[in-house]
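Heads up: the sequence shown begins at 19 in my numbering, then just goes up one per residue. In what follows, a single structure is set out as structure tokens and then discussed.
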Amino acid sequence: MKTPSVAVIGAGWAGCAAAVELARRGADVTLFEAARTPGGRARRIDYHGQMLDNGQHILLGAYRDSLRMMTAVGLEPSQLLMRLPLQMRYPQGSGMDLVAPRLPAPLHMALGVLRARGLSFADKLSLARFASTARWMGWQLNDDCTVTELLERFDQTDRLTKLMWRPLCIAALNTPPERASARVFLAVLRDSLGAGRSASDMLLPRVDLSALFPDAALAWLQKHGGKVMLGVRAAHLRAQADEWVVDAIGHAYRFRHVVIATAAPHAQALLDDVDPALAQALEFDHEPITTCYLQYAPQVTLPSPLLALEDDPAQDHWAQFVFDRGQLDAAQAGLLAVVISASATATAVGDSPLEMSVARQLAVVLRRPELASPLWRKAVTDKRATFACVPDMKRPLNATSHRGLWLAGDYTEGEYPATIEGAVRSGLQAAAQLLHAAA
Ligand SMILES: Cc1cc2nc3c(=O)[nH]c(=O)nc-3n(C[C@H](O)[C@H](O)[C@H](O)COP(=O)(O)OP(=O)(O)OC[C@H]3O[C@@H](n4cnc5c(N)ncnc54)[C@H](O)[C@@H]3O)c2cc1C
19 MKTPSVAVIG
29 AGWAGCAAAV
39 ELARRGADVT
49 LFEAARTPGG
59 RARRIDYHGQ
69 MLDNGQHILL
79 GAYRDSLRMM
89 TAVGLEPSQL
99 LMRLPLQMRY
109 PQGSGMDLVA
119 PRLPAPLHMA
129 LGVLRARGLS
139 FADKLSLARF
149 ASTARWMGWQ
159 LNDDCTVTEL
169 LERFDQTDRL
179 TKLMWRPLCI
189 AALNTPPERA
199 SARVFLAVLR
209 DSLGAGRSAS
219 DMLLPRVDLS
229 ALFPDAALAW
239 LQKHGGKVML
249 GVRAAHLRAQ
259 ADEWVVDAIG
269 HAYRFRHVVI
279 ATAAPHAQAL
289 LDDVDPALAQ
299 ALEFDHEPIT
309 TCYLQYAPQV
319 TLPSPLLALE
329 DDPAQDHWAQ
339 FVFDRGQLDA
349 AQAGLLAVVI
359 SASATATAVG
369 DSPLEMSVAR
379 QLAVVLRRPE
389 LASPLWRKAV
399 TDKRATFACV
409 PDMKRPLNAT
419 SHRGLWLAGD
429 YTEGEYPATI
439 EGAVRSGLQA
449 AAQLLHAAA
């Protein structure tokens, strides 16, 4: 096989996975990344010398390709991620407390549900009914509908919907259940509630998100002959004879293949001249996510590294989950990361009032008044964090109708919502198809 020359545009998780896989299998790869830090939406940000993330993330044991790629570039996932059993734990005295014990599947879930605190017998029965019906259906739906419709069809109790299904749906799909795709939700549940014990584990990063894969992917790429152009935006893309020309920093770079591995809106901009119809097909609605970082004295900790919170806008309670960063990384002692998914309404109140509301929410639900007064606070909002994951979405394939032009990113066709794993799988798929076409 002749060595194909490939430009990968974008060093998010999809682009990093594609570039490493292509180089591993002999391609001559150049990776363009507009930002100075790789990782895209899952990357490190520097806040006055403090390393935060563009948003707190959580991974699942079922993220097999992400974990495999970390290992491929020389990382040891077990050292970089804290592994927790599947759980939905609210602060004591509120909500529910469900932790799957470390037993083989499906015993871990059955016993977890049986032992769960804060759920009535009817709630537990309704959860067991959901799991057994969904398993019987193979966690698949022929006709997609909203998550709310699915929960009604499965006769779920109001309390279970409020404490479990709604927060899970918002966390996983970043879309409220009344608008979210039941088909995609079931795919996520198959790999969590319905999966074997280790696949259903929740994985919390101990390091910043760029250090979790993208930094090492770039270093690996350079060591293995790839070119990495950080801080270089691909300004324009055009076809010329049998080649693709990427215009960047005043130069025209030529390649046989191009993998556009940017988020959908940036891919649209690059495709506008090449294929306006394809650019149009990448028009998706997006949902924001906000992470409020609250720093307290180093001795401040939570009873668990991860707690669920009940959001209730009427009470000014916006947050759905809080992470104790100090339990993940000693250097971040006293730092809490509080997540508000689908945060459009919350962000309308403004950063500073929102940070204060979130601190007050913690003080109230954890019954610790001192949490209302953090030492410093910082809300980080990504306005286009994920595509809105609605029923029957038409997501594009990796292959385009143009020879040598490929798409990769969390939004391409796949069974996952916008996630790290969806992005990595898309990057790997684009690489495999490109190599097959070039052979
Ligand atoms: C706040 C937040 C919380 C999230 N929480 C979770 C979670 O808990 N679990 C989970 O699995 N997922 C989560 N996600 C989703 C996950 O981060 C994304 O699905 C994933 O990172 C998308 O990766 P990507 O490679 O497809 O795209 P991106 O990350 O958007 O990467 C695209 C890259 O392309 C670059 N680029 C764009 N245009 C150009 C150009 N013209 N030239 C060169 N470079 C360019 C960008 O700078 C960027 O680095 C969250 C996302 C956010 C924002």
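Where a beta carbon is used, it is the ideal one built from N, C-alpha and C, also for glycine.
Through-space distance from residue j to residue i, alpha-carbon basis
i: R256; j: K245; result: 21 angstroms
i: P122; j: L221; result: 18 angstroms
i: Y434; j: P124; result: 22 angstroms
i: A285; j: V91; result: 27 angstroms
i: R413; j: E431; result: 5 angstroms
i: F460; j: D161; result: Lying outside 19 to 457, the shown extent of the chain, residue 460 is not represented and no answer is given.
i: N192; j: D265; result: 35 angstroms
i: L324; j: T175; result: 25 angstroms
i: F339; j: D329; result: 9 angstroms
i: K142; j: I267; result: 59 angstroms
i: A456; j: P22; result: 7 angstroms
Enclosing alpha helix (DSSP H) for residue i [first to last residue]
i: E439; result: I438 to A456
i: K142; result: F139 to W154
i: T363; result: A362 to T365
i: K241; result: P232 to K241
i: S84; result: R82 to A90
DSSP state of residue i mapped onto helix, strand, coil
i: I307; result: strand
i: Q379; result: helix
i: K180; result: helix
i: P223; result: strand
i: E170; result: helix
i: H126; result: helix
i: E53; result: The sequence shown places Ala at residue 53, not Glu. The answer is coil: DSSP assigns A53 none of H, G, I, E or B.
i: V131; result: helix
i: R62; result: strand
i: A266; result: strand
i: G30; result: strand
Neighbour flag for residue i against chain C, beta carbons, 7 angstroms
i: L159; result: No chain C appears in the structure shown, which is made up of a single protein chain.
Residue i beta carbon near ligand 1 (any heavy atom closer than 6 angstroms)
i: R59; result: yes
i: A32; result: yes
i: A281; result: yes
i: R343; result: no
i: G111; result: no
i: T437; result: yes
i: E431; result: no
i: I76; result: yes
i: A441; result: yes
i: G352; result: no
i: H284; result: yes
i: D209; result: no
Delimiting residues of the beta strand (DSSP E) encompassing residue i
i: T404; result: W394 to F405
i: L99; result: L99 to L102
i: Q105; result: Q105 to R107
i: A257; result: H254 to Q258
i: H275; result: H275 to I278
Proximity test, residue i beta-carbon vs ligand 2 heavy atom, cut-off 6 angstroms
i: A200; result: Among the ligands modelled here, namely ligand 1, ligand 2 does not occur.
Any 3 or more C-beta pairs closer than 8 angstroms across the segment 72 to 79 and the segment 222 to 242: Short answer: they touch.
Pairs of beta-carbons, one from the segment 193 to 207 and one from the segment 44 to 57, closer than 8 angstroms: are there three or more? Too few Cβ pairs lie closer than 8 angstroms, so no.
Quick check: the segment 197 to 212 against the segment 400 to 414, are there 3 or more CB pairs under 8 angstroms? Because the criterion of three Cβ pairs below 8 angstroms is met, the segment 197 to 212 and the segment 400 to 414 touch.
May I ask you to verify whether the segment 418 to 427 touches the segment 388 to 395, counting CB pairs closer than 8 angstroms and requiring at least 3? The segment 418 to 427 is not in contact with the segment 388 to 395.
Counting pairs of beta carbons, one from the segment 31 to 42 and one from the segment 273 to 284, are three or more of them closer than 8 angstroms? Taking a cut-off of 8 angstroms on C-beta distances, the segment 31 to 42 touches the segment 273 to 284, as three or more cross pairs fall below it.
Three-pair Cβ contact test at 8 angstroms for the segment 374 to 386 versus the segment 330 to 350: With the cut-off at 8 angstroms, the segment 374 to 386 and the segment 330 to 350 touch.
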